[in-house]
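Numbering (this note's numbering), first residue to last: 14 to 388.
Structure, as structure tokens:
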């Protein structure tokens, strides 16, 4: 508070305020059956891949007051096989160092869902490990789209990092150009090739991959243009959508106009980013990297005896770059298929899915009805 707001508050006074407001960490625990129900619900989705520490953090994000040990024991009872598999996993880590927030960003794409039409791209701050963006769209190979992600992020921050690091793919070419343009007058030791560094690709979403593989094995997905667009329409809003409320006008055969409103819950990627940025990164054997919560490490670098390395950028420069970038729209599949699906949903009073299995039902329903309309 002192660093950001200039307000000094002692620990004792803070505890007194919390007690006065009735705010406690471990009082008023959530009923164990409610905790059990929440974990079971999460494990029916991508939460089946999470360890108990991650699940405990998700419980806190949802306002569920449970002990970490309770979460660990419940997960062991509910899914003992997955617990044993995670315990047997071992990682060999490399040494890594970053001077401070916005010193270096790492960006990469994830292609395992690409055969189903869904492409993921993300970027993380090297010092704090805060997720700068984590987006799903119909492409991650178009450099204009990746450049759009970069511009959206630096515009919200008011600046860019000193260095951006990505693999040697054409999808990063616009980010490289933008970064060199923004840093062309830099007065530090990083210039030209050092402003954007190329390196090996580093590779979560296995739940969705398994779900789509089942769809394919059952003969409901052939990898063609039509099925890919139906997957985008039915599932992308759950994996991620850049808007929480999308208003679309539907023009059916009749003259009347049906107004349709999406109410999309917080999506899987957004939820992942939020939980990650607030979770506690454990102490590592690598003494060069700090430990703590990404949001705090990113926002208050003074706690770690370092500075924020963000390079300020004029809005005019960002506007110049926007002419060479593509930004996501609310229509994330082919427009004719999108309009047809919206019309079928409105005419048959179908519900917008709020979980993967309802989305699967919607996909199959739309597929059947559209095929029946074809000559």
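Note that beta-carbon positions come from the ideal geometry of N, C-alpha and C, so glycine has one too.
Here the structure is a predicted model, which means the values were calculated and not measured.
Should the region 312-325 be regarded as contacting the region 334-342, the criterion being three or more beta carbon pairs within less than 8 Å?
-> no
Continuous alpha helix (DSSP H) stretch holding residue 161: start and end = 156-170
Segment contact flag, the region 229-247 with the region 122-130, C-beta cutoff 8 Å, min 3 pairs = yes
Terminal residues of the alpha helix (DSSP H) in which residue 250 lies | 238-252
Could you name the residues of the same chain whose beta carbon sits closer than 6 Å to that of residue 186, not counting the 5 residues immediately before and after it, in chain order?
-> 156
Quick one: Cα of residue 384 to Cα of residue 375, how far?
-> 14 Å
Should residue 230 go down as buried or exposed, given a rule of 16 or more other Cβ atoms within 10 Å for buried?
-> exposed
List the endpoints of the continuous alpha helix (DSSP H) containing residue 308.
-> 307-312
Return the residue from the list 308, 309 and 251 that minimises the CA-CA distance to residue 284.
-> 251
Would you give the residue range spanned by the alpha helix (DSSP H) that residue 87 belongs to?
-> 81-91
Just mark residue 48 as buried or exposed, buried being the case when its beta carbon has 16 or more other beta carbons within 10 Å.
-> buried
Quick one: Cα of residue 151 to Cα of residue 117, how far?
-> 27 Å
Go to residue 187, then tell me how far its beta strand (DSSP E) extends in each direction, as first and last residue.
-> Looking at the DSSP string, residue 187 is not in any beta strand (DSSP E); the run it does join, the alpha helix (DSSP H), is 186-195.
Backbone secondary structure at residue 231 - three-state DSSP | coil
What first and last residue would you give for the beta strand (DSSP E) that runs through residue 320?
-> Per DSSP, residue 320 belongs to no beta strand (DSSP E) and is neither H nor E.
Separation of residue 138 from residue 8, as counted between CA atoms = Outside the shown range of the chain (14 to 388) lies residue 8, about which nothing can therefore be said.
Use the C-beta contact count for residue 119: other C-beta atoms within 10 angstroms, 16 or more gives buried, fewer gives exposed.
-> buried
From which residue to which residue does the alpha helix (DSSP H) around residue 25 run?
-> 24-33
Can you list, in chain order, the residues of its chain whose CB lies under 6 Å from that of residue 123, leaving out five sequence neighbours each side?
-> 133
What did DSSP end up calling residue 382 once you bin it into helix, strand or coil?
-> helix
Can you have a look at residue 307 and say buried or exposed, based on whether 16 or more other CB atoms are within 10 angstroms of its CB?
-> buried
N- and C-terminal bounds of the alpha helix (DSSP H) containing residue 66 | 65-74
Taking buried to mean at least 16 other C-beta atoms within 10 Å of its own C-beta, is residue 286 buried or exposed?
-> buried
Is residue 146 near residue 288, with beta carbons less than 8 Å apart?
-> no
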